[in-house]
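Scroll down for the structure; my scribbles are underneath it.
In our numbering, the protein residues as written are 57 to 150.
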């Protein structure tokens, strides 16, 4: 029996997402990326497709409702604490 994935986390548009404290994102030569937690040395590898989604998410700081894959990835990275919800983007506070 197929299950429907839970909805993406609800993040108000005035909030943004960012890498969690101590998390580094490193691109790989083949186009993927690696997330590394400097405190725990945990490592998560992203394939090329997900690495591109993550780059777009971090560049915008918010979910793009027009891109269904970004909320899926963001939900997973928020649940596993690679990403955190932050305050208002600088553009709104300047």
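Cβ coordinates follow ideal geometry from the N, Cα and C atoms, glycine included. For clarity, every value in this text was computed on a predicted model and none was experimentally measured.
Residue i - DSSP class collapsed to helix/strand/coil
{"i": "residue 143", "result": "coil"}
{"i": "residue 80", "result": "strand"}
Which listed residue (the options) has its alpha carbon closest to that of residue i
{"i": "residue 75", "options": "113, 126, 128 and 127", "result": "113"}
{"i": "residue 36", "options": "90, 108 and 109", "result": "For the chain, the structure presents residues 57 to 150; residue 36 sits outside this window and is missing."}
{"i": "residue 111", "options": "126, 92, 98 and 97", "result": "126"}
Closer than 7 angstroms: residue i CB and nearest the ligand NAP heavy atom
{"i": "residue 94", "result": "The ligand NAP is absent from the structure shown, which contains no ligand whatsoever."}
Range covered by the beta strand (DSSP E) that runs through residue i
{"i": "residue 101", "result": "99-102"}
Exposure label - residue i; buried when at least 16 CB within 10 Å
{"i": "residue 106", "result": "buried"}
{"i": "residue 115", "result": "exposed"}
{"i": "residue 119", "result": "buried"}
{"i": "residue 103", "result": "exposed"}
{"i": "residue 97", "result": "exposed"}
Cβ neighbours of residue i in the same chain (closer than 8 angstroms, five flanking residues each side left out)
{"i": "residue 140", "result": "73, 74, 75, 76, 77 and 134"}
Cβ shell of residue i (< 6 angstroms), same chain only, five flanking positions each side left out
{"i": "residue 94", "result": "78"}
{"i": "residue 142", "result": "72 and 74"}
{"i": "residue 83", "result": "89"}
{"i": "residue 109", "result": "125, 126 and 129"}
Unbroken alpha helix (DSSP H) run spanning residue i, endpoints
{"i": "residue 137", "result": "Run containing residue 137: none; DSSP gives neither H nor E here."}
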